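In UniProt numbering, the protein residues as written are 1 to 522. Read through the structure below, which is laid out as structure tokens, and then see the notes.
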């Protein structure tokens with residue numbers, strides 16, 4: 001398959017004048033290419049440049065091969081499954097022909113694609129949606145099923161270049177594994193933007209979008225992570241060496257100035273015994289020599305400072321969230337939550353029982369549409385179940401899917417103080433420092449924060465709340481988070497002493513949580 005993606009000196013400048021991507025030059029051939037980077041770094045913009053939907057400000061983008069792009073949003077205007085698959089006109093034409101139509105337009109629409117119904121059936125089966133009627137309204141399809149349908153629709157077009165933007169969002173475990181199989185079997189140019197470490201482990205190359213550039217690494221996610229770790233070790237050593245050199249050059253300059261001051265005093269003492277014209281000549285030569293020597297030491301100091309700045313630029317901001325949350329502690333045998341025979345308002349019809357005691361960490365997993373989110377709301381009394389009863393005996397906090405807890409018009413400090421009314425502002429500032437908000441950053445308006453900063457502020461408002469939450473309930477918390485934000489979430493939960501109930505399809509994230517139990521919602 002002769003297909004490729006090529007960028008030549010491509011840049012993209014946002015309308016407000018900020019350069020998002022700068023002078024990108026690379027070519028991608030057949031293979032599996034993963035793209036990672038912080039939220040806002042330009043990953044989705046890069047995909048739009050590659051599709052041609054967004055022209056570069058400067059430079060060129062060339063695509064060789066049939067291209068398909070899976071975006072994060074649903075297909076606009078789609079009313080049925082067939083609409084999402086992009087086969088409504090062709091299936092309608094086939095139906096008319098089977099009913100006796102001889103309209104040339106119908107035959108032209110079909111072309112050579114007479115086996116379209118069979119191919120639709122095969123791809124629906126491939127993505128785990130076998131038997132789904134093409135006339136089914138799209139409103140009756142879950143978010144994960146809609147993603148799988150859009151992927152099946154792309155694959156029906158037999159693409160040679162396939163671009164996927166966060167394809168595992170909303171997918172359950174079986175669906176993720178089916179996607180991984182499709183990815184492994186694809187023989188063209190595949191570019192995947194994702195924060196899913198499991199999916200990224202199937203990549204053959206990883207491109208990191210950082211500081212307006214895209215840098216490519218060979219191997220899957222684990223190889224990229226190891227490369228970054230080794231680079232950072234070397235960068236920290238380089239910073240230490242550069243700091244030592246700055247200290248050495250600064251001391252050399254001080255020593256030179258001290259010696260020169262001593263020579264100047266000695267020269268003035270000796271000048272009295274010399275003729276004035278001779279003494280003046282000696283003094284001028286001494287001043288020139290001293291100036292040259294001082295300039296040499298100052299140049300060396302400036303060079304060492306420049307080397308230090310360069311070394312510091314190579315060090316990533318890998319600060320960790322370290323927060324002490326003693327008030328969230330739950331005694332080992334204390335009853336936190338008890339559910340008996342709960343049937344959520346949507347999803348499964350099977351009764352659900354749960355006896356959660358002490359600082360247990362429990363994951364709820366299950367297929368898309370099983371009703372996991374509805375079950376969480378029922379357990380917290382936020383939605384009436386169809387049956388059963390629930391008792392919650394401790395203060396709790398809940399983070400639903402896709403819900404922003406912060407007021408974008410307030411500062412970080414003001415948002416967190418809403419969760420801890422009456423708290424001393426100085427104490428809240430000290431606590432926010434543990435969430436990496438220091439100095440003036442606590443007064444920054446939340447609406448101007450980056451995605452990662454906003455997530456840290458959300459964590460702070462959850463975990464610092466009054467009364468301290470002894471039960472924390474999270475519904476798909478890693479959806480839409482970049483890798484750094486997922487790491488910060490895991491770090492914060494390391495410090496959390498209470499009970500944890502989390503719904504997630506992210507197996508790598510769940511593995512980081514030191515879970516006590518994993519329960520399946522049928």
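A virtual CB, placed ideally from N, CA and C, is assigned to each residue, including glycine. Treat the numbers as computed from the prediction; the structure is a model and nothing was measured.
Taking Cβ positions, are residue i and residue j nearer each other than 8 Å?
| i | j | result |
| --- | --- | --- |
| residue 527 | residue 249 | Lying before the first or after the last residue shown, residue 527 is absent from the chain, which here runs from 1 to 522. |
| residue 379 | residue 390 | yes |
| residue 420 | residue 465 | yes |
| residue 12 | residue 49 | yes |
| residue 446 | residue 454 | yes |
| residue 516 | residue 335 | no |
| residue 326 | residue 497 | yes |
| residue 432 | residue 472 | no |
| residue 193 | residue 43 | yes |
| residue 399 | residue 462 | yes |
| residue 319 | residue 436 | yes |
| residue 374 | residue 345 | yes |
| residue 482 | residue 37 | yes |
| residue 323 | residue 495 | yes |
| residue 172 | residue 144 | yes |
| residue 34 | residue 451 | no |
| residue 2 | residue 59 | no |
| residue 10 | residue 56 | yes |
| residue 163 | residue 191 | yes |
| residue 410 | residue 459 | no |
| residue 342 | residue 408 | no |
| residue 353 | residue 339 | yes |
| residue 116 | residue 91 | yes |
| residue 480 | residue 169 | yes |
Per DSSP, what kind of secondary structure is residue i in: helix, strand or coil?
| i | result |
| --- | --- |
| residue 207 | strand |
| residue 2 | coil |
| residue 279 | Reliability fails at residue 279, whose pLDDT of 48 lies under 50, so the model's placement of it is uncertain and no value is given. |
| residue 162 | strand |
| residue 510 | helix |
| residue 335 | strand |
| residue 101 | coil |
| residue 423 | coil |
| residue 221 | helix |
| residue 440 | helix |
| residue 19 | strand |
| residue 455 | helix |
| residue 111 | coil |
| residue 129 | coil |
| residue 201 | coil |
In the DSSP output, which residue or residues are listed as bridge partners for residue i?
| i | result |
| --- | --- |
| residue 475 | 503 |
| residue 27 | 6 |
| residue 516 | In DSSP, residue 516 forms no bridge with anything. |
| residue 137 | 80 |
| residue 60 | 8 |
| residue 355 | 338 |
| residue 398 | 473 |
| residue 362 | 501 and 517 |
| residue 177 | Looking at the DSSP assignment, residue 177 forms no beta bridge with any residue, so it has no partner. |
| residue 36 | 208 |
| residue 216 | 207 |
| residue 13 | 19 |
| residue 69 | 163 |
In or out: residue i buried (at least 16 other Cβ within 10 Å) or exposed?
| i | result |
| --- | --- |
| residue 135 | exposed |
| residue 187 | exposed |
| residue 211 | exposed |
| residue 202 | buried |
| residue 396 | buried |
| residue 195 | buried |
| residue 306 | exposed |
| residue 216 | exposed |
| residue 347 | buried |
| residue 406 | buried |
| residue 476 | buried |
| residue 166 | buried |
| residue 181 | exposed |
| residue 403 | exposed |
| residue 469 | buried |
Please determine whether the Cβ atom of residue i lies at a distance below 7 Å from any heavy atom of the ligand ZN.
| i | result |
| --- | --- |
| residue 141 | What this structure holds is no ligand at all, so the ligand ZN is not there to describe. |
Using a Cβ cut-off of 8 Å (strictly closer), state whether residue i contacts chain C.
| i | result |
| --- | --- |
| residue 397 | The question asks about chain C, but that chain is absent: this structure has only one protein chain. |
Inset, instruction - Count the CB pairs spanning the segment 241-255 and the segment 323-335 that are closer than 8 Å, and state whether there are at least three. - result: In short, these stretches do not touch, since the Cβ pair count stays below three.
Legend entry - Sufficient close CB pairs (3 or more, under 8 Å) joining the segment 9-20 to the segment 65-85: Under the Cβ criterion (8 Å, minimum of three pairs), the segment 9-20 does not count as touching the segment 65-85.
Legend entry - Inter-stretch contact at 8 Å, needing at least 3 Cβ pairs: the segment 222-239 / the segment 200-213: yes
Inset, instruction - State whether the segment 492-504 contacts the segment 360-367, with contact taken as three or more CB pairs (one from each stretch) at a distance under 8 Å. - result: With a cut-off of 8 Å, the segment 360-367 and the segment 492-504 count as touching, because enough Cβ pairs lie within range.
Inset, instruction - Check whether the segment 124-136 touches the segment 146-157, counting contact only when three or more Cβ pairs, one atom from each stretch, lie closer than 8 Å. - result: Contact between the segment 124-136 and the segment 146-157 is present, because at least three Cβ pairs lie under 8 Å.
Legend entry - Cβ contact check for the segment 154-174 and the segment 94-104: 3 or more pairs under 8 Å: no
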